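In what follows, a structure is listed as structure tokens, so that the remarks can point back to it.
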Amino acid sequence: AQTVTQSQPEMSVQEAETVTLSCTYDTSESDYYLFWYKQPPSRQMILVIRQEAYKQQNATENRFSVNFQKAAKSFSLKISDSQLGDAAMYFCAYRSTYTQGGSEKLVFGKGTKLTVNP
Amino acid sequence: NAGVMQNPRHLVRRRGQEARLRCSPMKGHSHVYWYRQLPEEGLKFMVYLQKENIIDESGMPKERFSAEFPKEGPSILRIQQVVRGDSAAYFCASSPNLDQPQHFGDGTRLSIL
Numbered sequence: 001a002q003t004v005t006q007s008q009p010e011m012s013v014q015e016a017e018t019v020t021l022s023c024t025y026d027t028s029e030s031d032y033y034l035f036w037y038k039q040p041p042s043r044q045m046i047l048v049i050r051q052e053a054y055k056q057q058n059a060t061e062n063r064f065s066v067n068f069q070k071a072a073k074s075f076s077l078k079i080s081d082s083q084l085g086d087a088a089m090y091f092c093a094y095r096s097t098y099t100q101g102g103s104e105k106l107v108f109g110k111g112t113k114l115t116v117n118p
Numbered sequence: 119n120a121g122v123m124q125n126p127r128h129l130v131r132r133r134g135q136e137a138r139l140r141c142s143p144m145k146g147h148s149h150v151y152w153y154r155q156l157p158e159e160g161l162k163f164m165v166y167l168q169k170e171n172i173i174d175e176s177g178m179p180k181e182r183f184s185a186e187f188p189k190e191g192p193s194i195l196r197i198q199q200v201v202r203g204d205s206a207a208y209f210c211a212s213s214p215n216l217d218q219p220q221h222f223g224d225g226t227r228l229s230i231l
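Have a look at this one:
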């Protein structure tokens with residue numbers, strides 16, 4: 001079974017600076033998706049960024065980018081020019097690409113709480 | 119295009135009562151997923167449904183929990199004879215197909231007295 005590990009329960013960053021959140025995962029599959037979701041205090045789950053494992057190019061979405069290291073099974077999230085609105089729980093998640101029953105679910109890490117200091 | 123709609127937002131039940139949580143997926147989405155989030159934890163998969171079919175219920179407790187996604191109407195997660203340990207946030211997500219990411223509702227926070 002796949003597992004996702006986020007080793008940083010909490011992180012903090014100064015406004016306008018850059019922060020990197022870590023995520024590692026364990027799988028025997030060669031193709032899969034990886035995601036970062038953001039959960040602010042309102043508890044919504046907001047998709048931040050998505051990466052397909054077969055793509056070597058790291059995904060970017062405005063101030064958010066990932067460092068995907070497939071061999072190391074590492075998928076870190078970098079937030080540049082941090083803003084107060086970035087403060088939230090961030091969850092890393094894995095999903096298989098195989099369509100057999102049971103593989104479509106997301107497997108989440110325990111999350112990293114990000115605080116942005118003004 | 120409205121997002122995934124869950125109701126109620128908050129639900130309070132006494133031990134032994136039944137809880138019914140509703141989820142209306144985004145328009146055009148036929149895949150529905152239910153997840154549970156315990157305090158200070160990540161989301162844990164419970165069940166995956168397509169219209170009228172349960173595809174994967176490997177994360178759902180064998181007793182007291184059931185889910186459905188009828189041809190017409192929302193998906194329902196039903197918890198019978200609730201216990202204190204059922205207190206959690208329950209999230210529904212939907213997607214149009216397996217290649218697209220799942221979009222989440224705002225969740226239902228279930229509290230058991």
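Those protein sequences? They're chains A and F, same order as listed. Taking the working numbering, the leading residue of the first sequence gets 1, the next gets one more, and so forth. Taking the working numbering, the leading residue of the second sequence gets 119, the next gets one more, and so forth. Using N, Cα and C, we set each Cβ at its ideal position, and we do this for glycine too. Model, not experiment: these values are computed from the prediction.
Sequence-distant residues of the same chain with beta carbon closer than 7 Å to A:Y32, five excluded per side
In its chain, beyond the 5 residues on either side, A53, Y94, R95, S96, T97 have a beta carbon closer than 7 Å to the beta carbon of A:Y32.
Considering only the alpha carbon of each residue, which of F:V130, F:E170, F:T226 lies closest to A:S42?
Relative to A:S42, the option among F:V130, F:E170, F:T226 whose CA is nearest is F:T226.
Considering only the beta carbon of each residue, do A:G109 and F:G160 sit closer than 7 Å?
It is a contact, given that the beta carbons lie within the stated cut-off.
Taking the Cβ atom as the reference point for each residue, do A:S12 and A:S22 lie within a distance shorter than 7 Å?
Between A:S12 and A:S22, the CB-CB gap reaches or exceeds 7 Å.
On the three-state DSSP scale, how would you describe A:D86?
DSSP places A:D86 within a helical segment (H, G or I) once states are collapsed to three.
Measure how close the beta-carbons of A:L77 and A:F64 come, nearest whole angstrom, since I'm counting them as under 8 Å.
The pair is a contact, with the Cβ atoms about 7 Å apart (cut-off 8 Å).
How far does the beta strand (DSSP E) with F:F187 in it reach, from first residue to last?
Per DSSP, F:F187 lies in no beta strand (DSSP E) and is assigned neither H nor E.
Near A:A59, which residues of its chain fall below 8 Å by C-beta distance, leaving aside the five closest residues on each side in sequence?
Leaving aside the five residues that flank A:A59 on each side, the residues in its chain whose CB is nearer than 8 Å to its CB run, in chain order, I49, R50, Q51, S65, V66, F68.
Quick one: what does DSSP say F:D204 is sitting in, helix, strand or coil?
In the three-state reduction of the DSSP assignment, F:D204 falls in the helix class, which pools H, G and I.
Do F:H221 and F:V122 count as a contact pair if the criterion is CB distance below 7 Å?
Yes.
May I have the straight-line CA-CA distance separating F:P126 from F:L139, to the nearest angstrom?
Per the coordinates, the alpha-carbon of F:P126 lies some 7 Å from the alpha-carbon of F:L139.
Delimiting residues of the beta strand (DSSP E) encompassing F:A137
In the DSSP assignment, F:A137 falls within the unbroken beta strand (DSSP E) covering 137-142.
DSSP three-state call for A:N67: helix, strand or coil?
When DSSP states are grouped into helix, strand and coil, A:N67 belongs to the strand group.
Taking only beta-carbon atoms, is A:F68 less than 7 Å away from chain F?
Using a Cβ-Cβ cut-off of 7 Å, A:F68 does not count as an interface residue toward chain F, since no Cβ of chain F sits closer than that to its own.
Among A:T3, A:A16, A:K38, A:E10, which residue has its Cα nearest to the Cα of A:T24?
Comparing C-alpha distances from A:T24 to each of A:T3, A:A16, A:K38, A:E10 shows the shortest one belongs to A:T3.
Would you mind reading off the limits of the beta strand (DSSP E) that contains F:Y153?
Taken as a continuous stretch (DSSP letters only), the beta strand (DSSP E) holding F:Y153 covers 149-155.
So, helix, strand or coil for A:C81, using DSSP?
Inspection of the sequence shows that residue 81 of chain A is occupied by Asp rather than by Cys. A:D81: coil per DSSP, three-state reduction.
With a threshold of 8 Å, are at least 3 pairs of Cβ atoms found where one atom belongs to the stretch 26-40 of chain A and the other to the stretch 205-213 of chain F?
Touching, no, given that fewer than three Cβ pairs across the two stretches are closer than 8 Å.
Could you check whether the Cβ of F:D224 sits closer than 7 Å to any Cβ belonging to chain A?
The beta carbon of F:D224 sits closer than 7 Å to some beta carbon of chain A.
With 9 Å as the limit, tell me which residues of the stretch 103-116 of chain A have their beta carbon closer than that to any beta carbon of chain F; keep them in chain order.
Residues passing the 9 Å Cβ filter: S103, E104, K105, L106, V107, F108, G109, K110, G111.
Measure the CB-CB distance between F:L156 and F:F187 and report whether it falls below 7 Å.
No.
Nearest chain F C-beta to A:F91 closer than 7 Å, yes or no?
Interface criterion met: the Cβ of A:F91 is under 7 Å from a Cβ in chain F.
Would you tell me roughly how many angstroms separate the C-alpha atoms of F:P219 and F:G177, rounded to the nearest one?
Distance between F:P219 and F:G177, taken at the CA atoms: about 20 Å.
Per-residue burial, F:K180 [other beta carbons within 10 Å of its own, 16 or more giving buried]:
Counting Cβ neighbours within 10 Å, F:K180 comes out exposed, since fewer than 16 surround it.
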